[in-house]
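Okay, so here's the structure we're looking at.
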Amino acid sequence: MTIFTDLLNLFANWPPAFIALLCGVTCGILGPFFVWRNLSFLGDALSHSSLTPLALATLIGVTPVAFLLPFNLLMALTLSFLAIRRPLNLDSYISIMFAGFLGLGLLISHFAGANGESLLEILFGNILETNSFNSFLTFSVTIAVIGHLIFWRHDLYLLLLNRDLAAVEGVRVQWHEILLMILLAIVVTIGIKLMGTVLLTSLIVTPTVVARVFAKNLRSLLILASFLGAIFAVVGVGLAQKYSLPASGTVATFCLFSFLVSLRFKPQIN
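Reminder that position 226 of the sequence shown reads as 226 in our numbering, one-by-one numbering, no gaps.
Following this line, the structure appears as structure tokens:
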């Protein structure tokens with residue numbers, strides 16, 4: 001216990017901008033694997049559904065991650081199963097699930113007696129009140145995601161390039177897709193502290209969409225998307241701290257502004 005406490009102390013007092021940078025990198029580098037294949041709504045499903053475990057944690061009085069991480073992992077496995085077994089109706093199932101869990105979360109929040117301020121923090125995040133455990137978790141997830149992508153870079157590149165080609169080349173497509181969903185669930189878990197359940201998708205999707213304007217190939221798309229994710233998060237949080245603005249709203253607005261500017265240019269890759 002002392003070793004773990006000492007480890008957490010290493011992550012104490014980390015500036016919010018650095019935590020935002022880690023969140024931005026992980027969201028940005030995972031984005032292409034979902035946006036490129038028109039699956040960006042999966043991030044919506046996970047982030048919006050997260051209101052239910054967050055509300056349960058508030059009701060019972062435990063740390064949010066105790067409910068949030070298992071719930072998101074279960075959701076990731078469920079969505080992966082539906083994507084494999086019933087792909088034609090996947091968008092309908094996801095719409096029902098994330099709207100239903102969002103509504104259930106609101107009901108639980110009501111019974112938990114959550115006031116407007118605490119509910120707003122759940123919906124829109126509050127990275128300015130991060131603690132050493134959140135910092136440690138964010139750092140660990142960032143290392144795990146980057147390490148996974150580097151270790152399986154050949155298989156994942158083929159999967160991103162062409163799913164059928166990857167299968168022909170012997171890549172375990174379904175296994176990698178399930179792992180990517182699990183990674184997305186974990187990233188959503190840490191990203192909610194920055195962006196909340198409502199606005200997190202903007203940090204997953206926007207870096208990839210903007211990166212397509214400048215990237216020459218898929219490898220450069222991955223690198224540029226992670227870089228832009230970090231820029232969007234750090235600039236947004238920096239502006240929020242300087243002008244006393246909501247961090248998640250500032251990040252999402254900066255993402256929107258960058259996207260609108262990128263519309264003036266033709267994407268390098270389609």
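Just so it is clear, CB atoms sit at the ideal spot from N, CA and C, and this is done for glycine as well. All values reported here derive from a predicted model rather than from experimental measurement.
Residue of the options minimising C-alpha distance to residue i
i: Ile192; options: Phe81, Arg264, Ala20 and Gly125; result: Gly125
i: Arg172; options: Leu158, Thr138 and Ala185; result: Leu158
i: Val235; options: Pro70, Gly196, Ala66 and Ser258; result: Ser258
i: Ala83; options: Leu22, Phe111, Trp175 and Gly147; result: Trp175
i: Phe18; options: Ile223, Gly113, Asn134 and Arg85; result: Asn134
i: Arg219; options: Leu199, Pro87 and Leu149; result: Leu149
i: Leu194; options: Gly249, Ile223 and Gly113; result: Gly249
i: Met97; options: Gly113, Ala76 and Leu179; result: Ala76
i: Leu256; options: Ile223, Ser132, Val209 and Arg153; result: Val209
i: Asn113; options: Asp164, Arg163 and Gly61; result: The sequence shown places Gly at residue 113, not Asn. Among Asp164, Arg163 and Gly61, the Cα nearest to that of Gly113 belongs to Gly61.
i: Leu120; options: Phe254, Val198 and Phe81; result: Val198
i: Leu228; options: Phe254, Ser244, Gly170 and Phe81; result: Phe254
i: Leu222; options: Arg153, Arg85, Asn89 and Val168; result: Arg153
Under 8 Å between C-beta atoms of residue i and residue j
i: Met181; j: Leu51; result: no
i: Leu160; j: Trp36; result: yes
i: Ala240; j: Ala247; result: yes
i: Pro32; j: Ala166; result: no
i: Ile190; j: Leu137; result: yes
i: Phe139; j: Leu22; result: yes
i: Leu59; j: Phe111; result: yes
i: Phe67; j: Pro87; result: no
i: Asp91; j: Phe41; result: yes
Inter-residue CB distance, residue i and residue j (contact presumed, cutoff 8 Å)
i: Ala55; j: Gly105; result: 5 Å
i: Ile122; j: Gly196; result: 7 Å
i: Pro16; j: Thr130; result: 6 Å
i: Ala252; j: Ile127; result: Not a contact, Cβ separation roughly 13 Å.
i: Phe232; j: Pro207; result: 6 Å
i: Val145; j: Val187; result: 7 Å
i: Ala45; j: Ile94; result: 5 Å
Simplified DSSP assignment, three categories, for residue i
i: Leu245; result: coil
i: Ala215; result: coil
i: Glu121; result: helix
i: Leu10; result: In this prediction, Leu10 scores a pLDDT of 49, lower than 50, which makes its location untrustworthy; the coordinate-derived value is nonetheless stated afterwards. In the structure shown, Leu10 sits in a helix (DSSP, three-state: H, G or I).
i: Pro64; result: coil
i: Lys193; result: helix
i: Arg86; result: coil
i: Glu169; result: coil
i: Leu239; result: helix
i: Asn131; result: coil
i: Trp175; result: helix
i: Leu69; result: helix
i: Leu39; result: coil
Any non-hydrogen atom of the ligand ATP within 7 Å of residue i CB
i: Ala233; result: This structure lacks the ligand ATP; in fact it carries no ligand of any kind.
- request: Decide yes or no for the touch test of the stretch 20–28 against the stretch 193–207: beta carbon pairs closer than 8 Å, at least 3 of them.
  value: yes
message: Any contact between the stretch 65–73 and the stretch 41–51? By contact I mean 3 or more CB pairs, one from each, below 8 Å.
response: yes
- prompt: Using 8 Å as the Cβ pair cut-off and three pairs as the minimum, do the stretch 245–262 and the stretch 205–223 touch?
  reply: yes
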